[in-house]
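Here the structure comes first, spelled out in structure tokens, and everything after it is commentary.
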Amino acid sequence: MNYLEILKYTAISFGFLVLVFYPMERIFPAKKGQAFFRPNWILDLCYFLGQYIIFGSLVLFVLSYFSDYLLAIIPETFRTKVASQPYILQAIEVIVLSDFCIYWAHRLQHQVPFLWRFHKVHHSAEHLDWLAAHREHPLDSIYTIGIINLPAFVLGFPLETLGGFIAFRGIWAIYIHSNVRLPLPFLRKLIGSPELHHWHHDLNKDAGNYANISPLMDVVFGTYVCPDKEPEAFGIKEDFSKNYLGQLLMPMLPNMLVNKLTEIKSRFKK
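Going by our numbering, 464 is the number at position 218 of the sequence shown; the sequence numbering is gapless.
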């Protein structure tokens, strides 16, 4: 795919997402009155463009490299048996296994300081909508997408199963970040929803709701949270860069250097 094709695909994807999510956010708003061009919209647009034009290829390259390695150590007979299962059974296995893996991997992102320094880029969003879903550090994306798809790689699921699964999860991730609140409370403990994930983005980084597609893992492991209201505020309590390059670079810098830069910044503010 050449550069012009990438730009065309990016523009089509952006238009498609606007057409799908803009009406939903207007008809079923979680936070009423939130403007389309809300604060930091440009910052999240930079993340969207960065993912599609630059870092998406990097993530796919890394995942492809490790998937080839995993396929090389998995017996062909085992992969054949997995692929011979009914498609619906394969899909259920992929969802359950990946949900289990990403639940614990996600909890670690909030509890292990080294992982949090990259994951907090995503949580620095103070307004949630379909575009804010794309605010993610590229190294955090590699970690998350890799863990989500690890069970499928290990079990040797065919590309047809993986392709549909990856596409579905991508749209789902955008949906649960959208400024939407649908009146379907009876489904909250079976299928994930924006109101669940919005509470995950509460200022308290240990608020809960670490699961992905289904909240069943949160229910089982005691981290399910869903009050009948929206959080007062989203974001993080830490002092963190508010610009695109700063958010990409700061997580990769030594703590001593970050602290020094923060000290210099505070002096200029005074």
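Note that CB positions come from ideal geometry on N, CA and C, so glycine has one too. Every value quoted in this text rests on a predicted model; they were computed, and no experiment measured them.
Would you mind stating whether residue i and residue j have Cβ atoms separated by less than 8 Å?
| i | j | result |
| --- | --- | --- |
| Phe380 | Phe294 | The question names Phe, yet the displayed sequence has His at residue 380. Yes, they are a contact pair. |
| Val266 | Ile388 | no |
| Val328 | Gly410 | no |
| Tyr349 | Tyr470 | no |
| Ile252 | Ile299 | yes |
| Ile393 | Cys347 | yes |
| Asn425 | Lys254 | no |
| Ser391 | Val305 | The displayed chain sequence assigns Ile, not Ser, to residue 391. For Ile391 and Val305, yes; Cβs fall inside 8 Å. |
| Phe282 | Leu428 | no |
| Pro497 | Phe364 | yes |
Would you report the Cα separation of residue i and residue j, rounded to the nearest angstrom?
| i | j | result |
| --- | --- | --- |
| Ala398 | Ser344 | 8 Å |
| Val342 | Tyr421 | 20 Å |
| Glu271 | Pro473 | 20 Å |
| Thr256 | Gly279 | 28 Å |
| Leu494 | Ser487 | 9 Å |
| Pro460 | Ser330 | The sequence given here has Ser at residue 460, not Pro. Approximately 26 Å, taken between the alpha carbons. |
| Gly261 | Val466 | 38 Å |
| His444 | Phe324 | 40 Å |
| Trp418 | Pro500 | 34 Å |
| Glu382 | Thr326 | 35 Å |
| Ser303 | Pro440 | 28 Å |
| Phe312 | Leu433 | 36 Å |
| Ile320 | Pro332 | 21 Å |
| Lys451 | Ala371 | 12 Å |
| Val340 | Val400 | 11 Å |
What is the C-beta distance between residue i and residue j, in whole angstroms, given that I count them as a contact (C-beta under 8 Å)?
| i | j | result |
| --- | --- | --- |
| His423 | Asp375 | 7 Å |
| His368 | Pro285 | Their Cβ separation, rounded to whole angstroms, is 17 Å, which puts His368 and Pro285 out of contact at 8 Å. |
| Tyr490 | Leu289 | 6 Å |
| Leu377 | Leu291 | 7 Å |
| Val475 | Leu449 | Residue 475 is actually Lys in this sequence, not Val. About 15 Å; that fails the 8 Å criterion. |
Examine the ligand NAD and report whether any of its heavy atoms sits within less than 7 Å of the Cβ of residue i.
| i | result |
| --- | --- |
| Tyr470 | What this structure holds is no ligand at all, so the ligand NAD is not there to describe. |
Start-end ranges of the alpha helix (DSSP H) lying completely within the segment 260-306, minimum 4 residues
287-295
* Is the segment 330-340 touching the segment 352-372 in the sense that three or more CB pairs, one from each, lie closer than 8 Å? -> The segment 352-372, when compared against the segment 330-340, does not touch it at the 8 Å Cβ threshold.
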